[in-house]
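Worksheet: one structure, shown below.
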Amino acid sequence: MKTLLLTTVLTFAAGAALAGGHACYEGKTLTEGKLTVATGNPAYYPWVMDDNPASGMGFEAAVAYAVAEEMGIAADDVTWVRTSFDEAIQPGAKNFDVNMQQYSITAEREEMVDFSSPYYSAAMAVLAVGDATSTPAELSALKELKWGAVGSTTAVPKLIETIAPTSQPLLYGDNADVTAAMQAGQIDAALFDLPTALFLSAVMIEGSKIIGQFPAASSETPDQFGMLMEEGSALKECVDAALASLTESGKLAEIEAQWLQDTTGVPLIAE
Amino acid sequence: MSRTRRQIYEDKLRRRSLLIAGASSLAVFAAVIILVPLAPGWEKVAKSFFNWSVFQRTFPGLIEAFLQNIMIFAWSAPMIAILGLIIALMRDVRSPVLFPLRIFGAAYTDIFRGLPVILTVYLIGFGIPGLGLPRPWNSPYIWGTVALVLTYSAYVAEIFRGGIDSVHTSQRAAAQSLGLSERDTMRYVILPQAIRRVIPAQMNMLIALQKDVALLSFIGPVEIFRQAGVFKSLMANFTPYVGAAMIFLAVTIPATRYADYLMSRQAKERS
């Protein structure tokens, strides 16, 4: 870790002048000297503010710039692209160095693509609407609700394995469709990562409430977000080193506090 | 019966062309099988599209989800046939008093043939339940089915109308000269001929409907397409889509062959 910090300090001190031969990322990025970061289309609050990642506002945007800085890449040399989930996992050349869209790290995904070490541990939260908002935060009560979730997220196995609802859940393509289904009264509750649930509850769905959360740490399969990279990416070690030193220095926690601070105060679900 | 020299010559020609067709098909297949794996990205493509272990794990789940497709198809098809016929008959009314029916029929087919199915599914599937219908009347199964029926009956109506128009006007005249009422003419003279003529074309609509049932996945039901998408996301692997494609083909290829057979039989009868 010390050498790492030293490298970082050196890179910082020397700035662009030193970028001649020592930085870890050299020769490993898509465009020499630049870091290409992919986000969703659109990118959602609080991960990226106003769908404008280049502003550095929002949790993932801020982490991307912090990692780039840690690697010795100037903010101006960070470029953004947009991809869908399918584009991120398709075989063949990628158009990004790292892809940040709240991708949960799983062993099965790890076989097909590379993930950085986690930059956020997400708790799963239950967002309820209508009469269901008064449901107690207990598994036995939650089972009886009509459930929905985004089909492409790890909320689906969590829902089916942990909550195991009595009626078959309905699955949707994205957050907006789940929102529409809640407003149409077709589902009582949906499972999201906590920050997304907070946003939807506060801004998108009138009369909705977060009735409980599954803590990230205690669950058997913790939901941790990692930056997605091409399988066998040479850049992984640089990104991991940068994340490790950001964790060490407390910078990552700082960013988390800045953008995701109000994610507490939601009751835990009793098993 | 002894064969003429001409027949013998023609048989020889036929055998020769069969042989050439066989050899050329074989050569093309061999080229594909040998050349495609030589492509530099083949290994990655094989791992993410033709992954045997992923296939084994997901295929049973896909078959189970396909039952939903069959269910939705089974209750939609008769409704589409009936509504399609009614619309076709509306467009054929000759009494001036009933002219508004003709306008309605024309507008109906114009609108629902002009809209992409997915848009209709979205607008009706989320829109109408959003008006505040209580459960279970806001079910996506109900309104998704309504969307499919509206769209497909517009196409089916046009095919029926084509069939009705194809019956020569002299038949109408003959029936009326025998004293049949307008209604009986349609029922006993025109429709039996018209429907028989359009059956092969309607078979094609059934095949298309069978595939478009998958569009209901956008509003919640977990049919085969959504289930494959869930597996795809969890494993970052496209093999479940290949599995789903195989299941679709197992149904649609026999159906297509049957429709072709009906058509060629009809062509022979006419000639």
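Just so you know, the sequences run in chain order X and W.
Quick note: the first sequence uses our numbering, first residue 29, plus one each step.
Quick note: the second sequence uses our numbering, first residue 7, plus one each step.
Note that the Cβ used here is the ideal one computed from N, Cα and C, for glycine as well.
Minimum length 4: unbroken alpha helix (DSSP H) runs contained in the stretch 237 to 299 of chain X
264 to 277 and 279 to 288
Helix, strand or coil at F143 (chain X) according to DSSP, with G and I counted as helix:
For the purposes of this step, residue 143 (chain X) is taken as residue 115 along the first sequence, with counting starting at 1. Per DSSP, reduced to three states, the secondary structure at F143 (chain X) is strand.
Just list the alpha helix (DSSP H) runs in the stretch 16 to 91 of chain W, keeping only unbroken ones of 4 residues or longer that don't cross its boundaries, in chain order.
48 to 55
Chain X residues whose Cβ lies nearer than 8 Å to that of F224 (chain W)
As a first step, residue 224 (chain W) must be located in the second sequence, where it is residue number 218. Within 8 Å Cβ-Cβ: Y200, G201 and D205.
Could you check which residue in W:Q199, W:E188, W:A113 and W:S145 has the C-alpha nearest to that of S101 (chain W)?
Translated into positions along the second sequence, residue 101 (chain W) becomes position 95. Closest option to S101 (chain W), Cα to Cα, is W:E188.
Is there a Cβ of chain W sitting closer than 9 Å to that of A208 (chain X), yes or no?
Locating residue 208 (chain X) in the first sequence gives position 180, where the first residue counts as 1. Yes, contact with chain W.
Going by the CB atoms, is the gap between M210 (chain X) and L170 (chain X) shorter than 9 Å?
Taking the first residue of the first sequence as 1, we reach residue 170 (chain X) at position 142. Taking the first residue of the first sequence as 1, we reach residue 210 (chain X) at position 182. It is not a contact, given that the beta carbons lie outside the stated cut-off.
In or out: A273 (chain W) buried (at least 16 other Cβ within 10 Å) or exposed?
Here residue 273 (chain W) is taken as the residue at index 267 of the second sequence, counted from 1. By the Cβ-count criterion, A273 (chain W) is exposed, with fewer than 16 other Cβ atoms from all chains shown falling within 10 Å of its own Cβ.
Just checking: is the beta-carbon of V204 (chain W) within a distance shorter than 9 Å of some beta-carbon in chain X?
Numbered from 1 along the second sequence, position 198 holds the residue referred to as residue 204 (chain W). No, no contact with chain X.
Per DSSP, what kind of secondary structure is F244 (chain W) in: helix, strand or coil?
On the second sequence, position 238 is the one that residue 244 (chain W) refers to. Reduced to three states, the DSSP call for F244 (chain W) is coil.
In terms of DSSP beta bridges, what is G235 (chain X) paired with?
As a first step, residue 235 (chain X) must be located in the first sequence, where it is residue number 207. DSSP output for G235 (chain X) lists no bridge partner at all.
Run the CB neighbour count on G90 (chain W), radius 10 Å, all protein chains shown included, and call it buried at 16 or more, exposed below.
Position 84 of the second sequence holds residue 90 (chain W). The residue is buried, with at least 16 neighbouring Cβ atoms inside 10 Å.
My output table needs one value for R276 (chain W): the three-state DSSP class, helix, strand or coil.
Taking the second sequence and counting its residues from 1, one reaches residue 276 (chain W) at position 270. Of the three classes helix, strand and coil, the one that applies to R276 (chain W) here is helix, per DSSP.
Grouping DSSP H, G and I as helix and E and B as strand, with all else coil, what is A102 (chain X)?
Reading the first sequence from its first residue, position 74 is the one you call residue 102 (chain X). Looking at A102 (chain X) - three-state DSSP - the assignment turns out to be coil, as it is neither helix nor strand.
Take G249 (chain W) and list the residues in its own chain whose beta-carbon comes closer than 8 Å to its own, dropping the five residues that flank it on each side.
Along the second sequence, read from residue 1 onward, the residue named residue 249 (chain W) stands at position 243. For G249 (chain W), where only same-chain residues beyond five positions count, the Cβ hits under 8 Å are F61, T64, F65, L68 and A234.
Would you please verify whether the beta carbon of S180 (chain X) is less than 9 Å from any beta carbon of chain W?
As a working note, residue 180 (chain X) is residue 152 in the first sequence. Interface residue, yes.
Straight-line CA distance for L226 (chain X) to A204 (chain X)?
Position 198 of the first sequence, counted from the first residue, corresponds to residue 226 (chain X). Position 176 of the first sequence, counted from the first residue, corresponds to residue 204 (chain X). Cα to Cα, the separation comes out at about 14 Å.
For L268 (chain W) and Q74 (chain W), the rounded distance between their alpha carbons
The residue you call residue 74 (chain W) lines up with position 68 of the second sequence. The residue you call residue 268 (chain W) lines up with position 262 of the second sequence. Going from the Cα of Q74 (chain W) to the Cα of L268 (chain W) covers about 28 Å.
Proximity test, Cβ basis, 9 Å: P140 (chain W) and chain X:
Stepping through the second sequence from its first residue, residue 140 (chain W) is reached at position 134. Answer yes: the Cβ-Cβ gap between P140 (chain W) and chain X drops below 9 Å somewhere.
Taking only beta-carbon atoms, is I191 (chain X) less than 9 Å away from chain W?
One-based indexing of the first sequence puts residue 191 (chain X) at position 163. Answer no: the Cβ-Cβ gap between I191 (chain X) and chain W never drops below 9 Å.
Ordered list of beta strand (DSSP E) runs contained in the stretch 45 to 85 of chain X, each at least 3 residues
63 to 67
Pick out whichever of X:N123, X:P243, X:W75 and X:T181 has its Cα sitting closest to the Cα of A165 (chain X).
Residue mapping note: residue 165 (chain X) aligns to position 137 of the first sequence, counting from 1. For A165 (chain X), the nearest C-alpha among the options comes from X:P243.
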